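Only one structure is covered here, and it is reproduced in the block below.
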Amino acid sequence: MLLGIAAKRQKLLLANMSSGEGTNELLQPKIISMEVDHEDSYESEYRLQIGTQVKYLTINRGTYDRDTLSFPLTSLAPLQYDTTWTVAHISRSASGTLRTSLSTRKLAGVKSLWHPATIDYFDLEKTEQLTAAAYEA
């Protein structure tokens, strides 16, 4: 089943890329969820949609100010779209230069389903924006 979903997403992406329509919009990262440390004591973590994939982003403490952490997408270096990386990590070097590293770290997953019905995130439609980061589906 998961292979079929991945194939469906890949076909959608390739169709949009070959037609030239929606390519930029499709590949723009969108925040699905975020946990921002406003006291800058810990890393801030984000779940992103890039194209038809879900990726994870970790930003080291001290990398950006509080306002940027709440809406970081405009300050990010472009994140490449491919299937190989799962987690992007952004930090600053001692000289202040932004550094981005990509990893293929295996992510935690659901091992035991407690209900037989499963829902693909990409099948949900956002119906109402409740807060800056919460939507009703």
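9 is the number of the first residue of the sequence shown in the numbering used here; add one for each residue after it.
For each residue, glycine too, the CB sits at the ideal point set by N, CA and C.
Keep in mind that this is a model prediction, so the values were computed, not measured.
Item	Value
Contacts around SER49, its chain only, beta-carbon distance under 8 angstroms, and the 5 residues preceding and following it disregarded	ARG69
One or two residues paired with ILE67 in a DSSP bridge	SER52 and ILE98
Bounding residues of the beta strand (DSSP E) (the contiguous stretch that carries SER111)	106-111
Residues near SER99 by beta carbon distance below 7 angstroms, same chain, minus five either side	ASN68, THR71 and ARG107
CB-CB length for THR94 against TYR64, believed under 8 angstroms	6 angstroms
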